[in-house]
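Participant: I'd like to ask some things about the structure below.
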Amino acid sequence: MRAKIDKVDIQLINLLAKNSRLTYKELAEQLKTTRQRISRRLDKLEKMGVIKRYTIIPDFDRLGYVYVILGVTLKPATPVDEIIERLKDDPDIKIIERAIGSHNLVIHLVAPKDMKDIEKKIHRISKKIDGIDKMDITFITEIVKFEIL
5 MRAKIDKVDI QLINLLAKNS RLTYKELAEQ LKTTRQRISR RLDKLEKMGV
55 IKRYTIIPDF DRLGYVYVIL GVTLKPATPV DEIIERLKDD PDIKIIERAI
105 GSHNLVIHLV APKDMKDIEK KIHRISKKID GIDKMDITFI TEIVKFEIL
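Residue numbers (the working numbering): 5 to 153.
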């Protein structure tokens with residue numbers, strides 16, 4: 005039986021999405037509950053797979069990197085699952101998203117600011133993807149807003 009997600013769980017996820025470093029005490033104060041309840045809820049959400057990871061959003065520019073998104077449109081009947089498996093182990097790829105719409109796959113990568121290096125990385129990644137119909141490349145200049153729910 006699957007546990008239910010309630011309003012407090014959603015509020016907890018929103019708080020952590022804004023700052024994943026909040027302590028149980030700080031979360032409990034903001035949600036007007038106890039640290040023990042926060043601990044139990046987080047354990048539940050982690051076990052259910054609702055919370056997969058606690059992370060940060062770095063400033064890639066200050067780190068000397070660029071954030072690139074590849075929108076990949078595949079030819080019909082291309083085996084998407086096989087492509088995803090080939091891409092998972094690539095250290096330059098940070099996010100792989102299966103999509104419906106203009107693209108079948110959306111791939112996020114981070115690379116040093118050298119354009120020749122970026123070109124090589126994109127070429128190497130594209131060779132792992134059979135059946136490319138079209139690939140759009142977008143350079144992200146700034147993450148202005150990042151919210152989950």
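Quick reminder that beta carbons are idealized off the backbone N, C-alpha and C, glycines included.
Just mark Ile129 as buried or exposed, buried being the case when its beta carbon has 16 or more other beta carbons within 10 Å.
Facilitator: Here residue 129 corresponds to residue number 125 of the sequence shown, with the count starting at 1. Flag for Ile129 reads buried.
Participant: Which whole runs of the beta strand (DSSP E) in the segment 39 to 96 are 3 residues long or more, in chain order?
Facilitator: Runs found: 69 to 78.
Participant: Rounded to whole angstroms, what's the CA-CA distance from Glu151 to Ile60? Just pull it up for me.
Facilitator: As a first step, residue 151 is located in the sequence shown; it is residue number 147 there, counting from the start. As a first step, residue 60 is located in the sequence shown; it is residue number 56 there, counting from the start. The alpha-carbon atoms of Glu151 and Ile60 are separated by roughly 12 Å.
Participant: Measuring straight from C-alpha to C-alpha, what distance separates Glu86 and Thr38?
Facilitator: Start at 1 with the first residue of the sequence shown, and residue 86 comes out as number 82. Start at 1 with the first residue of the sequence shown, and residue 38 comes out as number 34. Roughly 46 Å between the two C-alpha positions.
Participant: Please work out which residues of its chain come closer than 7 Å, Cβ to Cβ, to Lys138, disregarding the five sequence neighbours upstream and downstream, and give them in chain order.
Facilitator: In the sequence shown, residue 138 corresponds to position 134, counting from 1. Excluding residues within five positions, the ones whose Cβ falls inside 7 Å are Thr77.
Participant: Could you check what DSSP says for Asp140 in three-state terms: helix, strand or coil?
Facilitator: Position 136 of the sequence shown holds residue 140. Three-state DSSP puts Asp140 in a strand.
Participant: Around the Cβ of Asn108, are there at least 16 other Cβ atoms within 10 angstroms (buried) or fewer (exposed)?
Facilitator: Walking along the sequence shown from the start, residue 108 turns up at place 104. Per the 10 Å Cβ criterion, buried.
Participant: Here's the rule: buried if 16 or more other CB atoms are within 10 angstroms of the residue's CB, otherwise exposed. What is Leu16?
Facilitator: Here residue 16 refers to the residue found at position 12 of the sequence shown. Buried, by the Cβ-count rule.
Participant: Return the chain-ordered list of same chain residues with a C-beta closer than 6 Å to the C-beta of His112, the five sequence neighbours on each side being excluded.
Facilitator: Within the sequence shown, residue 112 is the residue found at index 108, counting from 1. Cβ within range, chain order: Ile73, Lys98, Ile99.
Participant: Assign Ala115 to buried or exposed, taking buried as 16 or more other Cβ atoms, counted over all protein chains shown, within 10 Å of its Cβ.
Facilitator: Here residue 115 refers to the residue found at position 111 of the sequence shown. Buried.
Participant: Exposed or buried, which one is Tyr58 when buried takes at least 16 other CB atoms within 10 Å?
Facilitator: Here residue 58 refers to the residue found at position 54 when the sequence shown is read from its first residue. Exposed, by the Cβ-count rule.
Participant: What are the boundary residues of the alpha helix (DSSP H) that Val12 is part of?
Facilitator: Numbered from 1 along the sequence shown, position 8 holds the residue referred to as residue 12. Here the alpha helix (DSSP H) through Val12 covers 11 to 22.
Participant: Could you pull the DSSP bridge partners for Glu101 from this structure?
Facilitator: Indexing the sequence shown from 1 puts residue 101 at position 97. In the DSSP output, where bridge partners are listed per residue, Glu101 has Val110.
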